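Numbering (our numbering), first residue to last: 2 to 110.
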């Protein structure tokens, strides 16, 4: 847990890291090219750049509900061409082009 605040009297607000926080900080995780969080993201173009320098561009939005009624909204990105990429075996098990799904979850309403 981490304490934040600069008040004169001691007061603590605690931030509890999400489940994968510690794992994402390891050297092994940071060097693994399967994790798109390690790739360059170009905000203006809304695309990632894979370790082989290819663009993984935004394709579409997708929303679905889980069995428990939780709504999930995703942005789906897809690589321009992975078929001849020498890094593909280390990057993905997909038969086609590499996809990235980013998104959020919303509670029951």
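The C-beta atom is built at its ideal place from N, Cα and C for all residues, glycine as well.
As the structure is a computational prediction, the values presented were derived from the model and not from experiment.
- Here residue 93 really is in contact with residue 35; their C-beta atoms are around 7 Å apart, less than 8 Å.
- Unbroken beta strand (DSSP E) runs of no fewer than 3 residues, entirely contained in the stretch 60 to 96, are found at 72 to 80, following chain order.
- Counting other Cβ atoms within 10 Å of its Cβ, residue 62 stays below 16 and is therefore classed as exposed.
- With fewer than 16 other Cβ atoms from the protein chains shown falling within 10 Å of its own Cβ, residue 15 counts as exposed.
- Of the other Cβ atoms in all chains shown, fewer than 16 fall within 10 Å of the Cβ of residue 17; this residue is therefore exposed.
- By the C-beta density criterion, residue 99 is buried, having at least 16 other C-beta atoms within 10 angstroms.
- For residue 42, the secondary structure class from DSSP, reduced to helix, strand or coil, is strand.
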